[in-house]
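S.K.:
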Amino acid sequence: MSVYRYRAINAQGRLVAGEILAATPGEARERLVAQSLLPRQVSRKLFAARSGGSAELLLFSQSLHTLLQTGSEFLPALTIAHQRMKAGPLAESVGRAITDIRAGHQPSQAFSRDVHLFGPLWIAALKAGESSGELAQAIGAYEEHLDRSLTLKRKTVSAVTYPILVMSLIVVVVGVLVTVVVPKLTAGYASMGTELPLATRLLMGISLATPWLALLVVVLVTLAILVYRFRLSALQRARMKNRILSRLPLLGAIRSDMLTVNFTATLALLLKSGLHVHDSLAQMARMESDADLEQRYQSASAVVEKGNGVTESFSRFALLPESALQMLEAGEHSGELQTILQRISAFYKGSLDVAIQRFSTLAEPVLMLVIGVVVGFVMVAVYLPIFSMSQGLQ
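Going by the working numbering, the residue at position 41 of the sequence shown is 59; the numbering climbs one at a time, nothing skipped.
1. Let me confirm a value: S69 is counted as buried when at least 16 other C-beta atoms fall within 10 Å, else exposed. Which label applies?
2. With DSSP run on the structure shown, which of helix, strand or coil describes G71?
3. Inspect the beta-carbon positions of E37 and D132 and report whether they are closer than 8 Å.
4. Per DSSP, V34 is paired with what?
5. Would Y401 be called buried (16 or more neighbouring beta carbons within 10 Å of its own) or exposed?
6. Can you check which of these residues, L269, F136, L241, is closest to P107 by C-alpha distance?
7. So, using beta-carbon positions, are F7 and L346 closer together than 8 Å?
8. Using 8 Å as the threshold, is the stretch 316-332 in touch with the stretch 264-279, meaning 3 or more CB pairs across them?
9. Any contact between the stretch 273-286 and the stretch 214-228? By contact I mean 3 or more CB pairs, one from each, below 8 Å.
10. Report the partner residues of P57 according to the DSSP bridge assignment.
11. Determine the closest residue to G394 out of A217, V322, L93, I141, with distance taken between C-alpha atoms.
12. Would you say L299 and V322 are within 8 Å of each other, going by their C-beta atoms?
13. Nearest to A146 by alpha carbon, out of L359, A286, E312?
14. Which ranges does the alpha helix (DSSP H) cover as unbroken runs of at least 4 residues, wholly within the stretch 233-315, from first to last along the chain?
15. Could you check if L55 is buried or exposed, using at least 16 other CB atoms within 10 Å of its CB as the buried criterion?
16. Taking just the CA atoms, how far does L241 sit from V433?
17. Would you kindly report the start and end of the unbroken alpha helix (DSSP H) that includes V191?
18. Rank L93, P403, S150 by C-alpha distance to the C-alpha of F129 and give the top, closest one.
19. Just to confirm the assignment, what range does the alpha helix (DSSP H) spanning G113 have?
20. For R131, which of helix, strand or coil comes out of DSSP?
21. Cutting at 6 Å between CB atoms, please list the residues of its own chain near A381, excluding the five before and the five after it.
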């Protein structure tokens, strides 16, 4: 799904502008017509803000939920929450929603125009609150879900960032040593005419080859990026990326658990709002930035809509790991699908916490070992000839 900017004529003959989520420009035009808008201009937005996991959205929902808990009506509470927001696309969207609500629209209808900013969960939460008359409770459930998702994302990113930064620093330091420092130190050794130790000769060879190897790597990476970007479709790129990430040691398991937690928690919340399984999957597909997952959600939605079992559909399109499917099957047979999805999410969240802790525990000693081996080899290769010459003089 992509975000499209549009200019259109509304039912009152006025020129309006906004953004809409769609797979193609044609679909964007069809959705505008369905909203009684006559599209004049539709163009894809290159850099679009996306929903889900947004700290700004979390702050907004927390502020609104707190105000509703104090007994405020929805519109006054929304107005106050809007006044506390920083200027930006989200604040502008809330302002438009306030105008629409004052004009008589339901909150879910008012926010649907900018669903690409808020996501289907926000709209579903509002619809659930409108149906039950408990908007504060529905928004509170949404806030808790968003908070858990954001905390989980931060924890995962934090665990992965440290090793990447350290490895990057190692590459830079070793590159400087090999290309700048080592040639100056070993130049004198070569002029002596004596046979150098194997480690020193190996280091000198690496030093001479490094600039050419670096150039070769840059060329190959550039070609790979060009092929990846312009020769492969979005679906092919997503599938390739997912295959590579799923096979990474430790990180693959972390990513798999994280996808399972997000998928089950999101689906459970959508089901709680009153949507059917196939409608919930369709909503998730519309907001998914990964083309591979988007297609799998759409396919599973279509299969479930035809009457096939939920567990069977999820298994066919590899939406959940095997252990989660076994738990889901029990919940499907007992009619407690939403409850079992929440339990699966909680179970895999615990598994994810353990995996992140294990990764963090193993990453530091492994990195220290790598640093020790690299620095030790360079030091030995540089100073071994000095020791050899001093022994020869004796």
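The C-beta atom is built at its ideal place from N, Cα and C for all residues, glycine as well.
M.R.: Short version:
1. To locate residue 69, count along the sequence shown from 1; it is residue 51. At S69, the pLDDT of 45 sits below 50, so the modelled position is not reliable; the number obtained from the coordinates is stated separately. Result: buried.
2. Locating residue 71 in the sequence shown gives position 53, where the first residue counts as 1. Because the pLDDT at G71 is just 40, under 50, the model does not fix this residue reliably, and the value given afterwards should be weighed accordingly. Correct three-state label for G71: coil.
3. Counted from its first residue, the sequence shown places residue 37 at position 19. Counted from its first residue, the sequence shown places residue 132 at position 114. Yes, these two residues count as a Cβ contact at 8 Å.
4. If you number the sequence shown from 1, residue 34 lands on position 16. For V34, which the question treats as bridged, DSSP gives the partners A26.
5. Counting from one through the sequence shown, the residue named residue 401 turns up at place 383. Y401 is exposed by the Cβ-count criterion.
6. Residue numbering aside, residue 107 sits at position 89 when the sequence shown is read from its first letter. P107 has its Cα closest to that of F136, out of L269, F136, L241.
7. Within the shown structure, residues of the chain are numbered from 19 to 412, placing residue 7 beyond reach of any answer.
8. no
9. no
10. Within the sequence shown, residue 57 is the residue found at index 39, counting from 1. Answer by DSSP bridge pairing, in chain order: A26.
11. Along the sequence shown, read from residue 1 onward, the residue named residue 394 stands at position 376. For the residues A217, V322, L93, I141, the minimum Cα distance to G394 belongs to A217.
12. Taking the sequence shown and counting its residues from 1, the one referred to as residue 299 is at position 281. Taking the sequence shown and counting its residues from 1, the one referred to as residue 322 is at position 304. Going by C-beta atoms, L299 is nearer than 8 Å to V322.
13. Your numbering for residue 146 matches position 128 in the sequence shown. Minimum Cα distance to A146 is reached at A286.
14. 252-264, 269-290, 295-305
15. Here residue 55 corresponds to residue number 37 of the sequence shown, with the count starting at 1. Buried is the call here.
16. Nothing can be reported for residue 433, as the shown portion of the chain is limited to 19 through 412.
17. Within the sequence shown, numbered from 1, the residue matching residue 191 stands at position 173. Note, V191: alpha helix (DSSP H), 153-194.
18. As a first step, residue 129 is located in the sequence shown; it is residue number 111 there, counting from the start. Per the Cα distances, L93.
19. The residue labelled residue 113 in the question sits at position 95 within the sequence shown. Unbroken alpha helix (DSSP H) run through G113: 107-120.
20. Counting from 1 along the sequence shown, the entry for residue 131 is found at position 113. Three-state result, R131: coil.
21. Position 363 of the sequence shown, counting from 1, holds the residue named residue 381. Result list for A381: P181, in chain order.
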